[in-house]
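*Asks:*
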Amino acid sequence: MKVAALVSCLVFVLAQSALGHYIFKVLVAGDTTSGKAVRQPPTVEPFHDITSAAATCNVNTAPATEAPSPSTFGKAPSKVADWDGSGQAWFKIAEWGVASYNPVKFKSYQLSEFDTTVPENTPPGEYLARIEQIALHLGTGVPEIFVSCAQIKVTGSGTGNPAKVSIPGYIKANDPGVIANIYNGMTNYTVPGPKVWRG
């Protein structure tokens, strides 16, 4: 399986503001680094409603906070540059959940790069590669949500058919993973959304 120019590893690199808010500004695929493929949001401010249209690829984007981080792929029906991410086309390829409890620490905490491997059996085509953080550090049941998408092309002969979801719609506003209070003795946590597809 190949992504763009014969590579199979994606790295989202983030840019952080002084407020601890961030956006993913660069996509690294193998030896190629590009900010041009990333759909840049206008600010580093989060949004709060996981069911809003911003959940797809953001209106506002970006982890200096305690938060799970799933990464999803959405296969474009034709040209990815013309696709808004709508429809039941998304599947999860990676997630960074809880690393430890008491106190709660997420695997994504203070990472500046998120590495993942594209599943070998991913069908060829144009995709949006999406990374999301659901920041739970406020402890109020209202998360800060940061999302970024990058346009990529997968080549190869993959024939996998992962179960797909729609974004928004794949996570309910009252999902336990969205309203969790990390300061209230949390002892288990499931990253919201579908299970990771390994191909």
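Mapping of the sequence shown onto mature numbering (1 follows the signal peptide of the UniProt record, and there is no 0): residues -20 to -1, 1 to 179, in sequence order.
Heads up, the beta-carbon is just placed ideally off N, CA and C, and yes, glycines get one too.
Note that the structure is predicted; figures quoted are calculated from it, not measured.
#1: Would you mind working out which of Gly119, Lys133 and Phe94 sits nearest Pro104, comparing C-alpha positions?
#2: From Asn161, Ser128, Pro99 and Gly67, pick the residue whose C-alpha is nearest to that of Gly138; which is it?
#3: For a quick check, are the C-beta atoms of Pro172 and Ala35 less than 8 Å apart?
#4: Flag this pair as yes or no: are the beta carbons of Ser146 and Asn38 separated by less than 8 Å?
#5: Alpha carbon to alpha carbon, what distance is there between Ala115 and residue 267?
#6: Under the rule that 16 or more other beta-carbon atoms within 10 Å means buried, what is Thr102, buried or exposed?
#7: Checking the sheet assignment: what are the DSSP bridge partners for Gln68?
#8: Between Lys175 and Lys72, how many whole angstroms is the CB-CB distance? I'm expecting something under 8 Å.
#9: For Ser51, which of Tyr107, Thr13 and Val84 has the nearest alpha-carbon?
*Replies:* In short, the structure shows the following:
#1: For the purposes of this step, residue 104 is taken as residue 124 along the sequence shown, with counting starting at 1. The candidate whose alpha carbon is nearest that of Pro104 is Lys133.
#2: The count along the sequence shown starts at 1 and reaches residue 138 at position 158. Here the closest residue by C-alpha is Pro99.
#3: By one-based count along the sequence shown, residue 172 stands at place 192. By one-based count along the sequence shown, residue 35 stands at place 55. Remark: C-beta atoms of Pro172 and Ala35 do not approach each other more closely than 8 Å.
#4: Counting from 1 along the sequence shown, the entry for residue 146 is found at position 166. Counting from 1 along the sequence shown, the entry for residue 38 is found at position 58. No; because the gap between Cβ atoms is not below 8 Å, this pair is not in contact.
#5: Given that the chain is displayed from residue -20 to residue 179, the structure contains no residue 267 and the question cannot be resolved.
#6: The residue given as residue 102 occupies position 122 in the sequence shown. In summary, Thr102 is buried, with 16 or more beta-carbon neighbours lying within 10 Å of its beta-carbon over all protein chains present.
#7: Here residue 68 refers to the residue found at position 88 of the sequence shown. Answer by DSSP bridge pairing, in chain order: Ser146.
#8: Translated into the one-based positions of the sequence shown, residue 175 becomes position 195. Translated into the one-based positions of the sequence shown, residue 72 becomes position 92. Yes, they are in contact, since the Cβ atoms of Lys175 and Lys72 sit about 7 Å apart, within 8 Å.
#9: Residue mapping note: residue 51 aligns to position 71 of the sequence shown, counting from 1. Ranking Tyr107, Thr13 and Val84 by Cα distance to Ser51 puts Tyr107 first.
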